[in-house]
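Protein chains in written order, with my numbering: chain A, 72 to 411; chain B, 72 to 411; chain C, 72 to 411; chain D, 72 to 411.
4 protein chains.
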Amino acid sequence: MVIVLKNTASQQQVEELISRLERSSVKTNLVQGVHSNIIGLIGDTVHIDIEAILANECVESVQRVQEPYKNANRKFHPDNTVLDICSRQIGGSKTQVIAGPCSVESEKQLMETAIACKQAGATMLRGGAFKPRTSPYSFQGLREEGIALLLKAKKETGLPIVTEIMSLAHIDMFADVDVIQVGARNMQNFELLKALGRCDKPILLKRGLSSTLEELLMSVEYIMSEGNSKVILCERGIRTFEPMTRNTLDISAVALLKHRSHLPVVVDPSHATGIVKLVEPMSLAAVAAGCDGLEIEVHCDPKNALSDGSQQLTPQAFTQVMKKIKALAEFMGKPVDDVG
Amino acid sequence: MVIVLKNTASQQQVEELISRLERSSVKTNLVQGVHSNIIGLIGDTVHIDIEAILANECVESVQRVQEPYKNANRKFHPDNTVLDICSRQIGGSKTQVIAGPCSVESEKQLMETAIACKQAGATMLRGGAFKPRTSPYSFQGLREEGIALLLKAKKETGLPIVTEIMSLAHIDMFADVDVIQVGARNMQNFELLKALGRCDKPILLKRGLSSTLEELLMSVEYIMSEGNSKVILCERGIRTFEPMTRNTLDISAVALLKHRSHLPVVVDPSHATGIVKLVEPMSLAAVAAGCDGLEIEVHCDPKNALSDGSQQLTPQAFTQVMKKIKALAEFMGKPVDDVG
Amino acid sequence: MVIVLKNTASQQQVEELISRLERSSVKTNLVQGVHSNIIGLIGDTVHIDIEAILANECVESVQRVQEPYKNANRKFHPDNTVLDICSRQIGGSKTQVIAGPCSVESEKQLMETAIACKQAGATMLRGGAFKPRTSPYSFQGLREEGIALLLKAKKETGLPIVTEIMSLAHIDMFADVDVIQVGARNMQNFELLKALGRCDKPILLKRGLSSTLEELLMSVEYIMSEGNSKVILCERGIRTFEPMTRNTLDISAVALLKHRSHLPVVVDPSHATGIVKLVEPMSLAAVAAGCDGLEIEVHCDPKNALSDGSQQLTPQAFTQVMKKIKALAEFMGKPVDDVG
Amino acid sequence: MVIVLKNTASQQQVEELISRLERSSVKTNLVQGVHSNIIGLIGDTVHIDIEAILANECVESVQRVQEPYKNANRKFHPDNTVLDICSRQIGGSKTQVIAGPCSVESEKQLMETAIACKQAGATMLRGGAFKPRTSPYSFQGLREEGIALLLKAKKETGLPIVTEIMSLAHIDMFADVDVIQVGARNMQNFELLKALGRCDKPILLKRGLSSTLEELLMSVEYIMSEGNSKVILCERGIRTFEPMTRNTLDISAVALLKHRSHLPVVVDPSHATGIVKLVEPMSLAAVAAGCDGLEIEVHCDPKNALSDGSQQLTPQAFTQVMKKIKALAEFMGKPVDDVG
């Protein structure tokens, strides 16, 4: 950590600051410049509060040198984390494709869609039982019943289940779910993250709508510091001023997260764009950029979907997209898992 | 609602769409243009799912004409909502100033700060017991003990208490709190909002870091549609690319929210900027723009604060700022409440 | 175009508005709803000024139905535009790779870099003679001398030259350049665009730092409406709040621009990320998403570069990246042009 | 400037880097930490190229400690710059109000508007002769004729003239203009800025649509380093994801620019919001935040305006707004200049 001092800083102010800092068990190193002096902090600065340092009148700015995240940091864990989800390995040499409807709407809708996804080559099944909707007048999900239907679909197809949690009050309902998803709007629901940190289940954590990658990795830290190291990162688009797409897929996030962290990274092209015809090119771009998996929305009848109809592929369209994804993943050396 | 049709739309597709729409109890009106045709929907379209319409192949785009929020909409409730909080009226002819520390850290710190705020003219006391921090290694708040201290400070000073909730699991601890605050990161924690909608307490709802004003008003709808109409809106800065400030205060939000909604609007200049020296000019700007209140962070010893030290005013500084706020609020015709 | 009327609109106001609109040679169609009425405009609305309509007291909002751009619109020109640049075809069945230094710094630097780019398989040579730098104290380019060196490099390597123009006052110096580039900061330098619209040369137009795709296509309209239809679109990253990258590559822009427009689309992964190690994954993502070309910065000695050292590949690194680009482009069915 | 080294940096790499840096006439100071080492640079680093340092393999990141702008920096010029424009002083103890139409459309329109602005208390006259429009099909301004009309209006009303330049090719036409405005889209048109730096006329420089404040001050540096120190800064809203306003007025920019720089700061509430009814509250907010002036669009007949009709006030509305601006400016201790 580097503290830049104001050029009006008095010697007494600087000495007071240094002695306060050294009480926090870091060493300090004063470098005197022409226009301003700086203090370099040596030691573990993760617990140092930047804001408190900034509250000193003699301080102009503070800059962190080390990343504030540890558990997810590749520097301290050079090897990829590979998670096993019902024998699908994510984060290693295979690409996983999580497909399924935005919302679980009925047994018929879910089964029809799940079977089609399986046939097209999906390796896991997604489906929303609890639905975070902007409007309270929109469909809110089948809730507990939705989870029961997902488990039924798992029995039928063999596909492990990925579904979103919206409140720690519901955590018991997720006992048989294979991957618990945390949505973008809950990326900084810290009480929920802590509770999930005490589970022994993979958590798929989506980047918030306007979260930085560092914030995403700090939210991972909430989960991992409680003991659960099974975390999957998900890029699902960020909010920008571009109105043509629902969000803007930050494709560089894939490569950066793989570089900064050892955790698996998946991409959700459906939410990232909100446009059916962009799902194929964005899926291919994500595979080319090195992702470990994709999460794609598929619905047996999008026109009558109760949520996100415009971004869900029909089974026919998904089958076509899967062919291209499979071929490209193979070409890139990380083939789609064959769970036939 | 206006549906723009593709110029490749077949008559059959359009007829199917129209008959599907009319089953949702809205009337349709087909307008034929030169390059494309549009369908105007007449009736209550709040329950119509735009995404499902977009899933029809013949549809190019859908545009909402009416606001999707009802309860907070000034069109349907022309008069200002004025809330009474322990005899302070917010939303009416007085300006309220909520002041206090970012976090409750100890009895000494809270009492000293609360008394100073009262003396300077603050009309309510804020203080964080549950703290949403980006890092799990940062101070997380005194939690239940923090609320107990706030209630003690209320007893001592007579100032009503405003404090943040982070999880619906904690709702019982807030029984004696005067105003429950929902932070920016929980603005779309819909399960929490629904639970607060079943309380009979004022809710101060902060705009999310990258939320639009319409999304803020839709989150209000979650609270109000459950029966609680005591909602205070709070602008606290949005995320932009400008690095000099922590966030960017969207000052036009004050005037827009007052225009679109009948609810009280407060501004938090401390979080909006993260910089002590900007608190005064931003407070004055907010008062000039017509806000109903301010929420300002004050700490008896910012250099040793456990959170947000750089944006908390000392009692001395707050006293100076309050003098200017009082004078300007008086000038603008909405004086700071005198709760002597 | 759809005009939404306020529900307080008087009949007289509406009639006045309609008669004013009909004087602009469009037809109007009034649709009466429950809460508000709308007017649909039928005809060519490209010349209608939305702002003037909004100035009518009875108008709540105006929404455009048709795209405001014509010349670049695929609706009116379904086939891809394929440009020929010294026998390289861009926009068709080949991928072009434009490589070279950020700035032309000296004959030695340019020749060494150009020859290395050629050997690695680049199909065109880029190099900045006029450099738009944030600071006036940074290297501003060799200007006219830089163009002379580029032409020398073209002679030496046979690679066509792509270089940036910063002012219409310099246009004569670009007489022998093969592709004139307009940088992000000049995307809305309309006087420059009009002047380039009167040239008979391909223009590579970069998207502005915070421009929407529609604005990019409207800037194209400035060039094309003056008679020059040889335009290449370039996605080079947009400004977001994410600090880890210089900009955020909007990869969905590639697919959207190919869908909305018939013009060739290239991607600049160097400026989009500002990070050498992201150039490879972003290049591959762009190829997978369907781009027609890449523009990549290469420098024979990045550590001593006079600009953008951190994003320029060494010739060795570029050679490795080119191998992967070639293989993927071949796989995607749009091989890198072989100009051997 | 602080250079953070990778923990994999070899001693040889670090020594090479240090000797390269010391050739640039700065001193270096190596601080060895636990996880990483840093190099502090002492001396004038304005000419050091951060990108070139980042190109060294041993470097992890580089952080600037000093501001890169000098001429506009209040640190080196503590007193306010006060400019005299035909006896109106801007930057000192008076508030200036620049009012007038978006575009000069005709003699009648301009004279009628100018006289009304004068009567309401405006102290300078604005009007666009060259109009940067997103679409080439929109009104492009009367150009040279527009300037002639403005000069006529100056003769008639005595109000000094503020008008926008779009190209350095037009600079001679601005010989009699009092203040040359550079629009947001040209904030980084560096060739134009350099040319204006060689003029002896006040330049009103608008912040770019997504420019940071540091970039704005660096663009000022282009003008001032060429010799022209008469620069006025203008905040006119930045691009965000909020769709209700045309841009988002960054009100904290006013206080920050006054703090960082000694130059006058004006606010344009018309472009910042695009909404007539927000002009009053945003003008008042800007005055309360400490601005030196306002630039407000007024048109004698907005419904028939050829540009930006929706954000131009009628003379009647402007007269009402001016009353409030005058009263507030007086209250804030910086009264609107009385140029009667």
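Where a beta carbon is used, it is the ideal one built from N, C-alpha and C, also for glycine.
Exercise. Which chain B residues are close to His330(D), counting only those with a beta carbon under 8 Å from its beta carbon?
Worked result: Neighbours of His330(D) on chain B, chain order: Lys348.
Problem set entry | Check whether Thr234(C) and Arg204(C) have beta carbons under 8 Å apart | Between Thr234(C) and Arg204(C), the CB-CB gap reaches or exceeds 8 Å.
Exercise. When you compare only the Cα positions, how much space is there between Ser332(C) and Gln382(A)?
Worked result: In this structure, the straight-line span from the alpha carbon of Ser332(C) to that of Gln382(A) is close to 22 Å.
Problem set entry | For Asp409(D), three-class secondary structure by DSSP | DSSP places Asp409(D) in coil when its eight states are reduced to three.
Problem set entry | Contact check, Ala200(A) vs Val175(A), beta carbons under 8 Å | Against a cut-off of 8 Å, the Cβ pair of Val175(A) and Ala200(A) comes out as a contact.
Exercise. Do you know offhand how far Glu351(C)'s Cα is from Gln167(A)'s?
Worked result: Rounded to whole angstroms, Glu351(C) to Gln167(A) spans 22 Å at the Cα level.
For this session: Would you verify that the beta carbon of Ile119(B) is, or is not, closer than 8 Å to some beta carbon of chain C?
Result: Against chain C, the CB of Ile119(B) has no partner CB under 8 Å away; the residue lies outside that interface.
Exercise. Can the beta-carbon of Asn100(D) be found closer than 8 Å to that of Val136(A)?
Worked result: No; because the gap between Cβ atoms is not below 8 Å, this pair is not in contact.
Problem set entry | Local conformation of Lys98(A) per DSSP, three classes | In the structure shown, Lys98(A) sits in a strand (DSSP, three-state: E or B).
Exercise. In chain order, what residues of the stretch 376 to 391 of chain C put their CB closer than 8 Å to some CB of chain D?
Worked result: Under the 8 Å Cβ criterion, the stretch 376 to 391 of chain C contributes Ala376, Leu377, Ser378, Asp379, Gly380, Ser381, Gln382 and Gln383.
Problem set entry | Coarse secondary structure for Val85(D), derived from DSSP in three states | Annotated three-state conformation of Val85(D) is helix, per DSSP.
Problem set entry | Among Pro273(B), Thr319(B), Ser282(B) and Glu128(B), nearest to Leu349(B) - alpha-carbon criterion | The alpha carbon of Leu349(B) has as its nearest neighbour, out of Pro273(B), Thr319(B), Ser282(B) and Glu128(B), the alpha carbon of Thr319(B).
Exercise. Three-state secondary structure (DSSP) at Asp243(C)?
Worked result: Three-state DSSP puts Asp243(C) in a helix.
For this session: Starting from the C-beta of Arg159(A), find all residues in its chain whose C-beta is less than 8 Å away, skip the five residues before and the five after it, and write them out in chain order.
Result: Closer than 8 Å at Cβ, skipping near neighbours: Lys165, Gln167, Thr194, Met195, Pro231, Asp408 and Val410.
Problem set entry | Endpoints, alpha helix (DSSP H) assigned at Gly364(B) | Unbroken run through Gly364(B) is the beta strand (DSSP E), Gly364 to Glu368; no alpha helix (DSSP H).
Exercise. Does Ile109(A) come within less than 8 Å of chain D when only Cβ atoms are used?
Worked result: It does; some Cβ of chain D falls within 8 Å.
For this session: Within the same chain, show all residues whose beta-carbon is closer than 6 Å to that of Lys301(A), passing over the 5 residues directly before and after it, in chain order.
Result: Listed in chain order, the non-local C-beta contacts of Lys301(A) below 6 Å within the same chain comprise Leu154 and Pro273, local neighbours out to five positions each way being set aside.
For this session: Drop a sphere of 10 angstroms on the beta-carbon of Ser81(D), count the other beta-carbons inside from all chains shown, and report buried for 16 or more, exposed for fewer.
Result: That one is exposed.
For this session: Since I believe Gln259(D) is in contact with Arg317(C) (beta carbons under 8 Å), could you give me their beta-carbon distance rounded to a whole number of angstroms?
Result: Not really, about 15 Å apart at Cβ, beyond 8 Å.
For this session: Would you give the residue range spanned by the alpha helix (DSSP H) that Arg331(C) belongs to?
Result: Run containing Arg331(C): Ser323 to Arg331, per the alpha helix (DSSP H) assignment.
For this session: Indicate whether Ile113(A) and Val73(A) have their beta-carbon atoms separated by less than 8 Å.
Result: No, they are not a contact pair.
Exercise. Run through DSSP, which three-state label would Glu93(C) get?
Worked result: Helix, per DSSP.
Exercise. When you check each C-beta in the stretch 276 to 306 of chain A against every C-beta of chain D, which residues fall closer than 7 Å?
Worked result: Correct list: empty, as no residue qualifies.
Problem set entry | Below-8 Å beta-carbon distance, Pro149(A) vs any chain B residue | Contact of Pro149(A) with chain B is not assigned, every C-beta pair being separated by 8 Å or more.
For this session: Could you say if the stretch 185 to 192 of chain C and the stretch 382 to 395 of chain C meet the contact criterion of at least three C-beta pairs nearer than 8 Å?
Result: Three or more Cβ pairs drawn from the stretch 185 to 192 of chain C and the stretch 382 to 395 of chain C lie within less than 8 Å of each other, which places the two stretches in contact.
Exercise. Can you name the residues of chain D whose CB is closer than 9 Å to the CB of Lys146(C)?
Worked result: Under the 9 Å cutoff, chain D gives no residues; its nearest Cβ is about 17 Å from Lys146(C).
Exercise. List, in order along the chain, the chain D residues whose C-beta lies closer than 9 Å to that of Ala398(C)?
Worked result: Simply none; closest approach about 27 Å.
For this session: Identify the contact partners of Thr344(C) in chain B, using a Cβ-Cβ distance below 8 Å as the criterion.
Result: Result: empty, since nearest Cβ-Cβ is about 16 Å, beyond 8 Å.
Exercise. Beta-carbon separation of Cys173(A) and Ser354(A) under 8 Å?
Worked result: Contact flag unset, no.
Exercise. What number of angstroms, rounded off, separates the C-alpha of Val337(B) from the C-alpha of Thr283(B)?
Worked result: Within the model, the alpha-carbon separation for Val337(B) versus Thr283(B) is close to 16 Å.
For this session: Identify every residue that forms a DSSP beta bridge with Asp155(C).
Result: Bridge pairing for Asp155(C): Gln160(C) [DSSP].
Problem set entry | Nearest-angstrom Cα separation, counted from Ala356(A) out to Ala398(C) | Distance between the alpha carbons of Ala398(C) and Ala356(A) is about 15 Å.
For this session: Using a Cβ cut-off of 8 Å (strictly closer), state whether Leu334(B) contacts chain A.
Result: No, because no Cβ of chain A sits closer than 8 Å to the Cβ of Leu334(B).
Problem set entry | Contact list for the stretch 248 to 271 of chain B against chain A, Cβ threshold 7 Å | Under the 7 Å Cβ criterion, the stretch 248 to 271 of chain B contributes Arg256, Asn257, Gln259, Asn260, Phe261 and Glu262.
Exercise. Considering only the beta carbon of each residue, do Arg307(D) and Asp339(D) sit closer than 8 Å?
Worked result: One thing to note: Arg307(D) has its Cβ within 8 Å of the Cβ of Asp339(D).
Exercise. CB-CB under 7 Å to Lys395(B), same chain, minus the five flanking residues each way: which ones, in chain order?
Worked result: Only residues of its own chain outside the window of five on either side were considered, and among them Glu351 and Leu355 have a CB closer than 7 Å to the CB of Lys395(B), listed in chain order.
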